[in-house]
Amino acid sequence: MSAGLLFASVGVILFALGVAGVLLLGHLLRRILAFNVMGSGAFLVLVGLAQRNGIADPVPQAMVLTGIVVAVAATALALALVRRLYVLTGKIELPQDDEG
Amino acid sequence: MKRLLVVLGAACFVVLLIGAMLDLAPASIALHAAVSANLPSSGVEHPVTAVLLNFRGYDTLLEIAVLLLALIVILAIGIDSTTDVRPAASPVLQALARLAAPLMIVVAVYLLWVGAFRPGGAFQAGAVLAAAAVLLHLAELLPGWQSPGLRLRLGLAGGFLIFLAVAAGLLFQGALLEYPPEQAGWMILLIESGLTVSLGLILAGLFLLLSRDDGDRS
Amino acid sequence: MSLEFVFDLLLALAIIWSAWRSLSASRLDLAIVMFIVFGLLMALAWARLSASDIGLAEAAIGAGLTGALLLDAYGALKRREA
Amino acid sequence: MMVWLILLPLLWASFAFLLGPGRGTWLAMAGLFAQLWLAFALASEIVAGGAVIHAIGGWGAPLGIDLVADGLSAAMLLLTQCIALPLAVYAHAYFKRDDPAVTYFWPLVGFLLAGLNALFLSADLFNIYVTLELLGLAAVGLVAAGGGAQQIAAALRYLFATLVGSGAYLLGVALIYGAYGTVSIHTLTPLITAEAPDLVWIAGGLMMVGLMLKTALFPFHFWLPPAHGGAPAPVSALLSAVVVKASFYLILRLWIGPFSSLTDAAGLVVWLPALLGALAIFWGSYQAIRAERLKMLIAYSTVAQLGYLFLIFPLLASAGALQAGIMQAFAHGLAKAAMFMAAGTLIKATGQDLVAGLAGVAERMPVTLFAFGLAGITLMGLPPSSGFLAKWQLIELALSQQYWVIAFVVLVGGLLAAVYVFRVLRQAFLLAPANSVVTPVPRTLEWTAFVLAAASVLLGLRGVELMQLVGVT
Amino acid sequence: MNFNELLPLAVLASSLIPGLLIFALPESWVRLRTALNLFGALVKLALVLLLIVGVQAGESYGVHFAVLPGLDLAFKADALGLLFITLSAVLWLFTTLYAIGYLEGAPRRSRFFGFFSLCVTATMGIAMAANLFTFFVFYELLTLATFPLVVHRGTAASMRGGTTYLVYTLLGGAVLLTGIIWLHHLLGHTDFAHAGIASALGSAYDFQLQMIFLLLMIGVGVKAAIVPLHGWLPQAMVAPAPVSALLHAVAVVKAGAFGIVRIVYEVYGIEFAQSLDLLLPLALFAALTIVWGSFRALFQDDLKKRLAFSTVSQVSYIVLGVALFGPIGTVGGLVHLVHQGIMKITLFFCAGNYAETLGIHKVSEMNGAGRRMPLTSIAFTIGALGMMGAPLTAGAVSKAWLMDGASAAGMDWAIWVLWTSSLLNAAYFLPILWRLWFKSVPKVWPGEHIAARGWRETAWLLLLPPVVTAAMTLAAGTLSNNQMSPLSWAKLIAEREYLHETIIRTP
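This is the structure:
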């Protein structure tokens, strides 16, 4: 098993972990963490799988750089929303049901 | 119940997907070879930078738009300023920050320059700039932002606009972002310089805007 | 099994462990710290995948900036609660 | 020409940001007007000369990124710009100057449109991921901007849904790149065959699920009603009319493009989107029939109407299904934008947003009610409207392939739509209670909604050109 | 686009454009609104006259536009369509006059007259549709345009009536649409043609065609109020009188009946329909409706409801005529399309007059009204006698042709149906006439709104339309051999349908 494939597998696990976290965690900050874990997983798969033969490939690497910046943008946005929600409601969780 | 289902689903997914990855034949297209082959006419020597700013420069253009957009959204949501007080920064931290900040700026410039040849470039340089700003903020040498003035907005959007202008300018004599090989080098450097400043400001802004409720007293 | 592979394997396990802890830690501040550790380990992994560009970016942005944002948010929430 | 459809909104959005909070209206209007013209010019160019390709950077796929405008993209671009301009005029009249939602409204709209246009034109799976994020974050920002707790909560729900959706899509892209070494749609299409490795099937599934989540297809619709029902009316209109269509467009594009060999070989799986679509129609209509708040009713109607789009998937084997889908997308886009706009006007005028509080508006605000009614006709699929043509095409296709059940779903869906549309109209036709007050609203609000509603109906009298456009590959 | 293509469009535009303009008018611009209404109605009448002259001279009028590839919005003005167009155009003029008088000073008149004009536009579209697709487009448009009229009063009761109306018509529309698309799928088109288009398919399709016929008949049967699809019609009586007139005589039920005629003659073709065994079931349903409607009318005290059930019964005369396989029945059915319209509109005008002038809504309140309102009551009497088929009225002509048609087709049971219905008609109309003329005048009317001035027992705009239509009832009955009479047109059409037979009815 090459390093690429190994880390790609790690990526799959991280992705699954992240998705499960987003689905199951109620606390919004934790959900943001989970989303970041999920994203990192996808990034690892992108580079790791492409480099499973051991040759570095700049194309997925550049994609991941783009992806990391997008992820941080999304994270900051999510944090801003969470903090705003906390200011308004004093809660860091989503209400169970908005309207049936 | 939901928990069990999700965990089971995730486990199945992991097993299936890793299994599928293990018996995957080699890809039929090797883009890294194409990148190496076209590197000389890309204007830079580092392949990742070549992909980021030339071969797939359009991705980067949109990505900067995403970043700028995130900042605008944070501005648009608005955060109530409150008067709560953060514990005062220690003098040691302040001294450290005063020392480190100029150094970090030098590092950023180096990273920007070196990006053409080896790992580094606008993103990393911008991140270092942002880190410097965050450090200054934590040391209470730089206040949190309220709503940015014109000059700051110009700084935030400037890098993106330079990028956009170069891209659009090139459209008039060919395709979008089609650099003439001999001018590619300086054009990319121009874009990267603009991006470094703007990325630094935006990334710092993400932090400074979010923590503005603490900084409004200064 | 080469030494490099053993290192990779350990790194992989460490990454998974830190990710797991950052999601499962009962204390939020601990979870965020674990997340920063996770980011730094990821940076190592990128270096192992000969992607130092991503490694740098991950360390600076993924672990650094995101971590700072999260800690700041955590601090703000704590202060408001207090 | 098509590149400007992406650059222009980026430009005016940035300049609107530079101008500062609350500014940039006229810049946006000028830009939108130019975009509308560009979209029409592009469409006629495509009808005359076939699909257009623009290789960014001059590299060409797979090394570079290609923009491709074929009939499908051009149609979606046209729909987007056609809705955006009247909507902008409406929004300008809708927001008060000091409304917190308006501080950075124009930059957000600009980035949103840039994301949409870039998405419709992109022929590169990873680039599409970036456009999806641009689109998603801008949409979330618009929902949240200046809003109270409910809006912020809705925006967060929406944000997580869209992030998980694009995360799944991205993992799919990563697997595809691993398997084939490229993310260019046109390079991939001949490479992906029915004998593709399991990994590619998983990748396709991930991408589809991610996009379905973003399209709010039942049962992934949970985020849509609070977000669309809670946002300010111009935003709801934009989101319901075009934003959810973007991810639908992608599903369609992938389904008939790179994944066509897979979908041909998939057997019964092709019925899954249609099944979910049917459930969406029933569930969305049921909730719309029950909803107490007007905008919630309309938002649930979006859930239902999106279901129709997914009924075409089992029918794609025969010519014309694509056309039916696009006709439905146009019908719903125009009508739903008009309906949300009319609802916004009604809510502004009556000062409340309950369906039960609408008594008497037929008399006081006939233009707005007409707009609502015309949009309703399109949603019910009654003639003469574009919704009717879409239904006609769907039913005929279903009959020609002996899929009676689809025809039945379409018909029942139309009747259910009639129930919730007439629920509103009935209320509006009642005599006004003596104590009801109707605040005067700007005429612009009334007439922009009317224009879009009328367009949704008039398209039902002349669909030939659109169908011809969609047929260009 | 030449004159022959433009004329059908002009007929549509002559009510569509005034309608749209009226919507835009402020409520208080009464004169301009009235002028637009009447101008539209008169222009339409003139255009229809042009059409009649042209069609008699053998000209053909038609135009079509592609809506989708392979799907046309197509219009034609042929003899059958013209029969309906003329009826609607003439009655529209009088209904408009009547409505102007009826709604004088009432609120929301811009909306009312706007939808009123749209209704007539839709009816014209139905009459001139050259294929089932176009027919359906206007058929549904008619539903939509009539809904605001039915609920015009804005009360809870009118909402209930309106909702019932919608439930029936929208469900019917969905069934009709299914049938049309199915047929379109089999044939590739749905163009109306003499002797039908369905027979082009081989015998393998017989079953499908029978199913489609069922769907189509259910679809149009709702508007034609065929039992058991008639439930909406009595409910819709909550609408103002001019709307009832419109529903019963000018537009809605007529559109349904006309649809049956078009489908049987020009989609299936009468002979092909007979060979598929479709006509007998249709005739049986028509017969059931005729008897059931008349029977229910007996027990209605509410005058408009009694008239509504009478409509249920009478419209099926048309259907029965069509379903009687043979040219004479055809003539009877077609001519009744016109005659029923004229007679029923007279009755509704009169019912409106009683309600508006004296506040009379119930049969039991009508005692002595003949002396207070002689002209209205004479008109009512003529209409009622016509409905019973009394000599010299239009009704007599229709009934005679229908009965001969039944015996010619060998369906003697239909004659008994018609006789039964006539007796029932007499049973529910004669008591009204008795009350009108022979009972004493009550001391107070239920609610007298309009005082008599000399011979004008009520507002002249309310009086003129029923008097004219009553006169037309007599004219159609006595001058039926005139070249321009409805009967002559019906014969012309039937001759085209049954190419090989000459139509001679031996009295």
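Chains as they are written, first to last, in numbering that gives the first Met the number 0: chain A, 0 to 99; chain B, 0 to 217; chain C, 0 to 81; chain D, 0 to 472; chain E, 0 to 506. Where a beta carbon is used, it is the ideal one built from N, C-alpha and C, also for glycine.
CB-CB length for residue 219 (chain E) against residue 291 (chain E), believed under 8 Å: Residue 219 (chain E) to residue 291 (chain E), Cβ: 19 Å. No contact.
Same chain, Cβ closer than 7 Å to residue 374 (chain E), neighbours up to 5 away in sequence not counted: Leaving aside the five residues that flank residue 374 (chain E) on each side, the residues in its chain whose CB is nearer than 7 Å to its CB run, in chain order, 456, 462, 466.
Cβ neighbours of residue 348 (chain D) in the same chain (closer than 7 Å, five flanking residues each side left out): Residues 364, 437, 438, 440 of the same chain have their beta carbon placed closer than 7 Å to that of residue 348 (chain D), with the five preceding and five following residues left out of the count.
For residue 109 (chain E), the three-state DSSP class (helix, strand or coil): Of the three classes helix, strand and coil, the one that applies to residue 109 (chain E) here is helix, per DSSP.
The segment 479-499 of chain E contacting the segment 351-366 of chain E, beta-carbon criterion three pairs below 8 Å: They do not touch, by the three-pair rule.
Residues that residue 472 (chain D) contacts on chain B, provided the C-beta gap is smaller than 8 Å: Residues of chain B passing the Cβ test: none, with the nearest at roughly 22 Å.
Boundaries (first-last residue) of the alpha helix (DSSP H) holding residue 451 (chain D): Element bounds for residue 451 (chain D): 442-457.
The segment 284-301 of chain E in contact with the segment 312-323 of chain E per 3-pair CB rule at 8 Å: Yes, the segment 284-301 of chain E is in contact with the segment 312-323 of chain E.
With 16 other Cβ atoms within 10 Å as the buried cut-off, status of residue 64 (chain B): With 16 or more Cβ atoms within 10 Å of its Cβ, residue 64 (chain B) is classed as buried.
Exposed unless 16 or more other CB atoms sit within 10 angstroms - verdict on residue 76 (chain B): Classification for residue 76 (chain B): buried.
Residue(s) in a DSSP beta bridge with residue 54 (chain D): DSSP output for residue 54 (chain D) lists D:65 as bridge partner(s).
Which of helix, strand or coil DSSP assigns to residue 222 (chain E): DSSP places residue 222 (chain E) in helix when its eight states are reduced to three.
Sequence-distant residues of its chain with Cβ nearer than 7 Å to residue 378 (chain E) (five each side left out): Apart from the 5 residues on each side of it in sequence, residue 378 (chain E) sits with its Cβ closer than 7 Å to the Cβ of 345, 349, 465, 466, 469 in its chain, given in chain order.
Neighbour flag for residue 82 (chain B) against chain D, beta carbons, 8 Å: In this prediction, residue 82 (chain B) scores a pLDDT of 43, lower than 50, which makes its location untrustworthy; the coordinate-derived value is nonetheless stated afterwards. Using beta-carbon distances, residue 82 (chain B) does not count as an interface residue toward chain D, since no partner is under 8 Å.
Beta-carbon proximity of residue 15 (chain C) to residue 66 (chain C), cut-off 8 Å: Not closer than 8 Å, so no.
With 16 other Cβ atoms within 10 Å as the buried cut-off, status of residue 83 (chain B): Caution applies to residue 83 (chain B), whose pLDDT of 49 falls short of 50 and renders its modelled position unreliable; the model cannot decide the point.
The segment 177-196 of chain B / the segment 103-121 of chain B touching (three or more Cβ pairs under 8 Å): Because the criterion of three Cβ pairs below 8 Å is met, the segment 177-196 of chain B and the segment 103-121 of chain B touch.
Backbone secondary structure at residue 162 (chain B) - three-state DSSP: DSSP places residue 162 (chain B) in helix when its eight states are reduced to three.
Per DSSP, the bridge partner or partners of residue 31 (chain B): In the DSSP output, where bridge partners are listed per residue, residue 31 (chain B) has none listed.
DSSP-derived helix/strand/coil call for residue 252 (chain D): Here residue 252 (chain D) sits in helix by DSSP.
Start-to-end residues for the beta strand (DSSP E) that takes in residue 95 (chain D): Careful: residue 95 (chain D) lies outside any beta strand (DSSP E) and carries neither H nor E.
Counted within 10 angstroms of its Cβ, other Cβ atoms place residue 95 (chain D) as buried (16 or more) or exposed: Its Cβ having fewer than 16 others within 10 Å, residue 95 (chain D) is exposed.
Spatial neighbours of residue 462 (chain D) in its chain, beta-carbon cut-off 8 Å, leaving aside the 5 residues before and after: Result list for residue 462 (chain D): 326, 385, 388, in chain order.
Limits of the unbroken alpha helix (DSSP H) element including residue 403 (chain E): According to the DSSP assignment, residue 403 (chain E) belongs to the alpha helix (DSSP H) that extends over 393-407.
Among B:185, B:201, B:174, B:204, nearest to residue 3 (chain D) - alpha-carbon criterion: Each of B:185, B:201, B:174, B:204 was checked against the Cα of residue 3 (chain D), and the nearest Cα belongs to B:174.
Rounded Cβ spacing between residue 468 (chain D) and residue 70 (chain D) (contact assumed at less than 8 Å): Contact flag correct, Cβ pair sits at about 5 Å.
Residues near residue 321 (chain E) by beta carbon distance below 7 Å, same chain, minus five either side: Same-chain partners within the cutoff: 259, 260, 263, 329, 332.
contact_flag[the segment 59-75 of chain E, the segment 110-120 of chain E] where n(CB pairs < 8 Å) is 3 or more: Look at the beta carbons and you see the segment 59-75 of chain E not touching the segment 110-120 of chain E: under three pairs across the two are nearer than 8 Å.
Any C-beta of chain F under 8 Å from that of residue 3 (chain D): No chain F is part of this structure, whose protein chains are labelled A, B, C, D and E.
Within-8 Å CB hit, residue 412 (chain D) to chain E: Not one chain E Cβ lies under 8 Å of residue 412 (chain D).
Close-in-space but distant-in-sequence residues of the same chain around residue 73 (chain B) (CB under 6 Å, 5 per side omitted): Only residues of its own chain outside the window of five on either side were considered, and among them 208 have a CB closer than 6 Å to the CB of residue 73 (chain B), listed in chain order.
8 Å Cβ cutoff met for residue 426 (chain D) and residue 355 (chain D): Against a cut-off of 8 Å, the Cβ pair of residue 355 (chain D) and residue 426 (chain D) comes out as a contact.
CB contact check: residue 2 (chain A) to chain D, cutoff 8 Å: By this cut-off, residue 2 (chain A) is not an interface position.
For residue 28 (chain C): DSSP bridge partner residues: As computed with DSSP, residue 28 (chain C) is found in no beta bridge at all.
Close Cβ partners of residue 92 (chain D) (< 8 Å) along its chain, the five nearest in sequence each way excluded: These residues qualify, in order along the chain: 441, 443, 444, 447.
Cross-chain neighbours of residue 117 (chain B) in chain D, by beta carbon under 7 Å: In chain order: nothing, as chain D lies at least about 21 Å away.
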